[in-house]
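Q: Note that our numbering numbers the sequence shown so that position 101 is 108, with each residue one more than the last. Every residue, glycine too, gets a C-beta built ideally from N, C-alpha and C.
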Amino acid sequence: MTPKARAEKATAALWAEDRASQTIGMEIAEVDAGRAVLTLTVQPEHCNGHGICHGGITFMLADSAFAFACNSRNQMTVAQHNSISYLAPGHMGDTLRAEASEVSLRGRSGLYDVTVTNQNGQMIAAFRGASRALKGTVFEE
């Protein structure tokens with residue numbers, strides 16, 4: 008199995024059970040080994056009292072992209088810790104794109120950067136996630 012095919016199969020297995028990402032309207036745009044891109048169009052229910060995309064929604068999008076990237080090698084992996092910096096607001100109707108890429112993978116520990124941009128390429132947020140591999144796989148090979 009190629010690394011891309013493994014990433015696609017792991018993503019399909021995780022997506023089938025990921026009610027949270029599906030429920031708020033995320034879509035998977037791309038996956039590969041150590042990489043994932045998810046999108047979300049900001050809806051009224053995603054906006055806070057200021058009329059902009061709630062930071063928790065932006066975080067959730069980045070965190071989901073991170074999750075698909077760090078599980079792409081079919082090793083069951085979870086977040087160990089992560090952080091986000093909000094750089095600009097997302098607005099209703101914007102299409103947010105979270106692109107996760109692996110920075111380092113050594114033993115059971117991984118480090119991933121996620122950039123969230125809008126449809127104009129403006130950076131909305133920068134997220135960094137640290138992962139920890141567990142025993143087991145996402146799907147049986």
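#1: State the DSSP-derived secondary structure class of Arg113, mapped to helix, strand or coil.
#2: Going by the beta-carbon positions, is the gap between Asp39 and Ala23 smaller than 9 Å?
#3: Have a look at Gly62 and Tyr93 and give me their C-alpha separation to the nearest angstrom.
#4: Using the Cα positions of Lys11 and Arg42, report the straight-line distance between them to the nearest angstrom.
#5: Mapping the DSSP letters down to three states, classify Asp70 as helix, strand or coil.
#6: How many angstroms separate the CA atom of His88 from the CA atom of Gly100?
#7: Please list, in chain order, all residues of the same chain as Thr167 whose beta carbon is under 8 Å from its beta carbon, the five residues on each side excluded.
#8: In this structure, how does DSSP classify Gly62 when only helix, strand and coil are distinguished?
#9: In three-state terms, what does DSSP make of Gln50?
#10: Please return the same chain residues whose Cβ sits closer than 8 Å to the Cβ of Ala34, not counting the five positions on each side in sequence.
#11: Counting only the same chain and skipping the five closest in sequence on each side, list residues whose C-beta sits under 6 Å from that of Glu106.
#12: Anyone know if the C-beta pair for Val145 and Met83 falls short of 9 Å?
#13: Kindly indicate which three-state DSSP category Thr30 falls into: helix, strand or coil?
A: Result, derived from the coordinates:
#1: Of the three classes helix, strand and coil, the one that applies to Arg113 here is strand, per DSSP.
#2: no
#3: 8 Å
#4: 10 Å
#5: Asp70 sits in a helix when the DSSP states are folded into three classes.
#6: 30 Å
#7: Only positions 8 to 148 of the chain appear in this structure, which leaves residue 167 out of reach.
#8: helix
#9: coil
#10: In the sequence as presented, Ala is not what sits at residue 34; that position holds Glu. Cβ neighbours of Glu34 beyond the five flanking positions: Leu45, Thr46, Leu47.
#11: Val44, Thr122
#12: yes
#13: In this structure, Thr30 counts as helix in the three-state DSSP scheme.
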